[in-house]
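Residue numbers (my numbering): 5 to 56. Even glycine gets a Cβ: it sits at the ideal position worked out from N, Cα and C. Because the structure is a prediction, the values reported are computed rather than measured. Each remark here refers to the structure printed beneath this line.
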């Protein structure tokens with residue numbers, strides 16, 4: 005299951021597969037999506053990309 009973009013009071017948030025809400029990062033009006041890797045040490049951020 006992937007993250008879904010939801011709006012709460014017109015503010016964008018990611019809803020994670022675990023059910024958590026994470027603030028959305030915007031860059032020049034575009035949503036920045038973090039790519040995560042699940043490892044034995046926990047979740048690691050690989051990089052950030054601007055979704056178009």
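- Relative to the Cα of residue 41, the nearest Cα in the group 50, 9, 8, 13 belongs to 50.
- Under the three-state reduction of DSSP output, residue 23 falls in the coil class, being neither helix nor strand.
- Under the DSSP assignment, residue 37 falls in the beta strand (DSSP E) whose first and last residues are 34–43.
- Bridge pairing for residue 30: 35 [DSSP].
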